[in-house]
Amino acid sequence: MVRHPELEYRYITADDAELDASLRGETVEGTTVIEDWFRPGLLMAGRTGVLAAVGTGPNALLQPLAVVVHDEEIRRLCGRYATLRSDLSPLSTWCHLMTPATFEDVKGITHEPRFRDTVGAWSGVVIAEAMLLAGKSYGDLRFSACLATATYAIARSTALWENVLFDDAIERLECANRLCRGRNVSQRNESRVARVRSSLRPIWACLAALTRDTEGAGGDGVRPLVAALKALAEARAARASGEAGMLARPLLREVPEARAFEGLPEMTPEARLRLFDLLTSALEEADGANASRRGALGLVAGYLATVAAGGTTSLGLVEQMAGRFPELTIWAYLAGSVGERITWTSAFDGLGRLVARELRRPLRLDEAPTCDFAVEEGVVLADPRLENPLVHLRVKQSRLLSVALFPGVNVAIPVADSMVEEDRSSDGRRESGGVGAPVGHDSGGNLFPLLAEAVWPFIRPKVVALDAPDSAAGSWATEASRRSRKKRR
């Protein structure tokens, strides 16, 4: 475990009063000093775990790093601090909210994601999903669109936390979208999202199996796909010339048409295009119930698109078919990225480097969270009855929020336009001295101070002009005199 030489780490099991004290930086009785790493075991109901850092010098403060609490206790805990200790709320903006299950996965203060050389593959699928949802090429995509995808959330969750399921990550992502965007999502967009995610599920299963090194985790339909992707990665690592044949062999039972891949290096570009047309026609005719054949066809056709033009990438083949077969685009980006270990260059117009960097970012428990709030706390504190439902979360961003689905899994969510407009109108009222402007003293029931505060912004320019040099004052006086003569007439 990496530790700061001037700090020691402690674990506290606290009741409400002890928790209040520890969150205020006070040392409480019953703390356990962590020598290597600590397994807290069962967390009793009604008690909360706190991981804290304490300085070794005199009068050192206890700094809470993570609050460990059961799922069913999170609502009570977050609601209690929002009501009784608002200076500590929201909790998830300054310390990590963890359950005993996630805390058990942590191996030290710095928790590294474990990808097993799949970062390049995950990055390609993240970008493919963002392209399909936005209807843009990767050259026109914003980085934030990649951080809003379900693939990014699942990739980080899979690599950081052993027991997180796809459905858990997607459910939390949907919850974060509802909190931040309200009903600002059209039915057409929802239909597109559902279709893309349906195409992504077998691909997520393949990548999760590669990441966790569990080949059979996705079921019988996924095993041949995982075996094919492993063979492709090994061929690229060995720089083998027959990588196409190695990819195809585990899939021949489902896709006999892939036997032609053995002779792919000798094929002309025209012959490769005819083979691509054959595979896409078979995909169109494939029964939707036969997921194994559809997945295998998607993989071999997607791979072929990456080498169709005489060995160079021709992704336009699959991008123009994205409306009918969104899975082809995803498989092509996955097949082109499998086995890629150099992820710090400018692949995908620079997006690949940025996505890979965020996927690899370690979770450091001794650093404050970088999110605006955690989704479980957002569910408790958001109030849909208000014009700005997130007001109790004290969000300071305007257009884009960072929401933690799990510790270290932060997704980017656009804010609903209505919330942005409400923030702007509030700022305008404060600047003009209207409703919501700060009053510099207690009115004590006297309305005149409040009236003066409201009127002052309007009369201040004229008062300042009176104190200006004579030339300015003269021009202002001349204009006032002219208006006065007009009135007398």
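All letters in the sequence shown, in the order written, are residues 0 to 488 by numbering that gives the first Met the number 0.
Built from N, CA and C at the ideal position, the CB exists for glycine as well.
These figures come from a predicted structure and were not determined experimentally.
Out of F114, L277 and A207, the CA that lies nearest to the CA of L303 is found in L277. For the pair L90 and L96, the CB atoms are nearer than the 9 Å cut-off. The alpha-carbon of L164 is positioned some 14 Å away from that of Y151.
Note on G48: 16 or more other CB atoms within 10 angstroms of its CB, so buried under the neighbour-count rule. The Cβ atoms of Y332 and I73 do not sit closer than 9 Å to each other.
In the three-state scheme derived from DSSP, where H, G and I count as helix and E and B as strand, N188 is classed as helix.
Its chain contains I126, Y137, L140, F142 and C145 as the residues whose beta carbon lies nearer than 7 Å to that of L350, once the 5 sequence neighbours on both sides are disregarded; these appear in chain order. Judged by pairs of C-beta atoms under 8 Å, the region 395-404 does not touch the region 108-124, as fewer than three such pairs exist. Residues of the same chain with a CB within less than 6 Å of the CB of T148, apart from the 5 flanking positions on each side, are V125, E128 and A129 in chain order.
CA-to-CA, the gap between A51 and A59 works out to about 12 Å.
A direct Cα-to-Cα measurement between N176 and I169 gives close to 10 Å.
For G181, no beta strand (DSSP E) encloses it, and the DSSP letter there is neither H nor E. Looking at the DSSP output, F142 bridges to nothing. DSSP, reduced to helix, strand and coil, places L61 within a strand of the structure shown.
With contacts defined by Cβ atoms closer than 9 Å, G24 and P63 form a contacting pair. C179 and V317 have their C-alpha atoms spaced approximately 33 Å apart. In this structure A295 is not in contact with L327, their Cβ atoms being roughly 13 Å apart against a cut-off of 8 Å. With respect to the C-alpha of S291, the residue from P201, E233 and P383 having the closest C-alpha is P201. In the three-state DSSP reduction, G220 falls in the coil class, being neither helix nor strand. Proximity to C94 across L22, R352, A158 and V53 peaks at L22, based on C-alpha coordinates. For I329, the enclosing alpha helix (DSSP H) begins and ends at P325 to S336. By the Cβ neighbour-count rule, E283 is exposed, with fewer than 16 other Cβ atoms within 10 Å of its own.
Measuring C-alpha to C-alpha distances from L206 to each of A226, V67 and D371 identifies A226 as the nearest. Here K395 is near D371, since their CB atoms are less than 9 Å apart. Scanning the region 54-138 from its first residue to its last, the whole beta strand (DSSP E) runs of 3-plus residues come out as 61-67 and 95-97. With a threshold of 16 other beta carbon atoms within 10 Å, A65 meets it and is buried.
Membership of E339 in any beta strand (DSSP E) is not indicated, and neither H nor E is assigned to it by DSSP. For a cut-off of 8 Å, the C-beta gap from V53 to L6 is around 7 Å, short enough to register as a contact. Assigned with DSSP and collapsed to three states, R200 falls in helix.
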